[in-house]
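First up is the structure itself, then whatever we jot down about it.
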Amino acid sequence: MNERTGSLAIDGDRATITFVRHLPYPVEAVWAAITDPDARAAWFGETSIQPRVGGRIEMVASEPPVPPEQKRMTGTILVWDPPKVLEHEWRQRIVEDGVVRYELASEGAGTVLTFTHRGLGVRNATGFTPGTHAILDRLEAHLAGQPVPGWQRRYAEVAPQYPSWPGTTR
């Protein structure tokens, strides 16, 4: 595994996905890409955010090509601490309810992004880990002003980097 690869921690029947990315962009630029609905639409998909604790967040990923209701994610914002922390519930019809957290820290002229998604079942987390890798690669391309790679193609490229855990298949 390399430094761009995420990890999966398993605790009983639940898992936490963690990625740490070192980005050569200021914290404010990364924060805007994560929290501004127009910027987020470019790398993730249609997004609405009420920017406050207790506010709502709703997102529909632009990929993969499945019905929108399978991709729709809703939740309540649990932590809103600009430009350091965004944490929100992740409620999606196809997986267990969870919590997603973006933590940003300055590192010289750049940013360390620590992304966690906790509460998924182990089997779903196994598939979400390379999917999250692909999404974060799309975020990085957006920040770099480069074309955003297709999610399905990127998933297929990075999935072999991730093992299958006991009792799971991918």
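Heads up: the sequence shown begins at 30 in my numbering, then just goes up one per residue.
Note that the Cβ used here is the ideal one computed from N, Cα and C, for glycine as well.
Mapping the DSSP letters down to three states, classify G64 as helix, strand or coil.
Residue identity differs from the one stated: residue 64 is Thr in this sequence, not Gly. The answer is helix: DSSP assigns T64 an H, G or I state.
CB-CB under 7 Å to F157, same chain, minus the five flanking residues each way: which ones, in chain order?
So the qualifying residues of the chain are I46, H146 and L149.
Would you tell me roughly how many angstroms separate the C-alpha atoms of I39 and A62, rounded to the nearest one?
30 Å
To the nearest angstrom, how far is it from the Cα of V59 to the Cα of L172?
7 Å
Given that a residue counts as buried once 16 or more other Cβ atoms are within 10 Å of its Cβ, and exposed if not, what is T64?
buried
Classify Q121 as helix, strand or coil using the three-state DSSP reduction.
strand
What residues are listed by DSSP as bridge partners for H51?
According to DSSP, which records beta bridges pairwise, H51 is partnered with V141.
Please state if the CB of F48 and the CB of F144 are separated by a distance shorter than 8 Å.
yes
Under a three-way DSSP split, which group does Y184 fall into?
Assignment of Y184 by DSSP, reduced to helix, strand and coil, places it in the helix class.
Span of the alpha helix (DSSP H) holding R130?
For R130, there is no enclosing alpha helix (DSSP H); the residue is found in the beta strand (DSSP E) stretching over G127 to E136.
Return the CA-CA distance between L142 and P94, expressed in angstroms with no decimal places.
28 Å
Please check the pair D42 and V128, which I expect to be a contact at CB under 8 Å, by giving their CB distance rounded to whole angstroms.
Between V128 and D42 the Cβ distance is about 16 Å, and since that is not below 8 Å, they are no contact.
Taking a contact to mean a Cβ-Cβ separation below 8 Å, would you say T105 touches E87 in this structure?
no
Going by C-alpha distance, which of A70, S91, R130 and P192 is nearest V114?
Selected option, being the one with the closest Cα: R130.
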